[in-house]
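Quick note on my numbering: the sequence shown kicks off at 15 and runs consecutively.
Ideal placement from N, C-alpha and C gives every residue a C-beta, glycine not left out.
The structure displayed is predicted, hence computed values, not measured ones.
Written out below as structure tokens is the structure these notes cover.
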Amino acid sequence: MTEKVIEIRNLNMIYSNGKGNEKKVIDNLSLDIEKGEFVSLLGPSGCGKTTLLRIIADLLAPTSGEVSVAGSSPREARLSHKYGMVFQSPALMEWRTVLENIELPLEIQGVSRKERRVIAEKQLETVDLAGYGNSYPAELSGGMKQRVGIARALSMNPEILLMDEPFSALDEFTKERLHGDLLRIWERTEKTIVFVTHNIGEAVYLSDRVCVFSSNPARLAGVFDVPLARPREHVMLKTEEYYTEIAKIRETFEEKFYENI
């Protein structure tokens, strides 16, 4: 029997400017995500994907509806560190070493220096950056910085990783390398990953399921199982099966996008 780790029911989000003007961003959205899944939230820029991720993370409160994260409310899940979050920019502190950046959440929680150093070094190994612990962010490439951001998100051993377009600012070569790195991290850690992207190929390559969103407001236009075999390697990007899955999702993606412009 599968275990639902995120449950979303009849979610609505309305933004108000305080002057009587309102904009509905999410409309009656329901979605379940199972433990250990890699699920992508796919849609055009500004369609509400990041808003949904921030509601799951308790960074925004919805107007109405219910959200359960690892059996708790989003607030309880945040306070008990049931998720880690990776942003588009890793936002590392330039004056702290790589290890010190990874240790930061543990330091805030009062974990001893010795214990947090052991944890940080283990997470550096998880993201294949062993040996860079004493480096500073300025000495790292963009892709390496993002891997440090992932290690920091993993430092509290969360059940869930929430990832908000973490590779969108990177060049294609670096992005492809990090796709492989992320899949290996996912396989090693068995975390549930919720990954926001507007790139169809990225969503297909990484995910077990792709949730396609329309915009203005965001509605769930379709949920696609990705039947591509695992483990996935870059050679798959040249296969007919990969392009077939992209074509299926693109049809829904474009149909719902052009409906709303």
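Helix, strand or coil at residue i [DSSP, three-state]
i, result
"I275", "Low confidence applies here, because I275 scores a pLDDT of 49, under 50, leaving its location unreliable; read the following figure in that light. Correct three-state label for I275: coil."
"T206", "strand"
"A232", "strand"
"G215", "helix"
"G4", "The question about residue 4 has no answer, for the chain in this structure spans 15 to 275."
"Y29", "strand"
"M107", "coil"
"F187", "helix"
"R246", "coil"
"L196", "helix"
Under 8 Å between C-beta atoms of residue i and residue j
i, j, result
"S169", "I133", "yes"
"T65", "N26", "no"
"V208", "I20", "yes"
"A71", "I116", "no"
"A232", "D41", "yes"
"H248", "E190", "yes"
"D222", "V210", "no"
"G79", "R131", "no"
"M99", "A167", "yes"
"F101", "P172", "no"
"L220", "L251", "no"
The alpha helix (DSSP H) enclosing residue i, as first and last residue numbers
i, result
"M158", "G156 to L168"
"N115", "V112 to I122"
"V132", "R127 to T140"
"L66", "K63 to I70"
Element boundaries [beta strand (DSSP E), containing residue i]
i, result
"G79", "S78 to V83"
"K38", "E36 to E48"
"L55", "F52 to L56"
"R223", "R223 to F227"
Buried/exposed call for residue i, threshold 16 Cβ in 10 Å
i, result
"Q160", "buried"
"Y29", "exposed"
"I275", "Any reading at I275 needs caution, since the residue's pLDDT is 49, under 50, leaving its predicted position unreliable; the model's value is listed next. Result: exposed."
"K63", "buried"
"K37", "exposed"
The ligand PLP heavy atom lying under 7 Å from the CB of residue i
i, result
"A217", "With respect to the ligand PLP, the structure offers nothing, as it holds no ligand at all."
Check whether the region 201-217 and the region 121-138 are in contact - that is, three or more C-beta pairs closer than 8 Å. Because the criterion of three Cβ pairs below 8 Å is not met, the region 201-217 and the region 121-138 do not touch.
Taking contact to mean 3 or more Cβ pairs, one atom from each stretch, closer than 8 Å, check whether the region 238-250 and the region 80-87 are in contact. As far as the Cβ criterion goes, the region 238-250 does not touch the region 80-87, which means the pair count is below three.
On the three-pair Cβ rule with 8 Å, is the region 178-189 touching the region 222-229? By the Cβ criterion, the region 178-189 is not in contact with the region 222-229, since fewer than three pairs of Cβ atoms, one from each stretch, lie closer than 8 Å.
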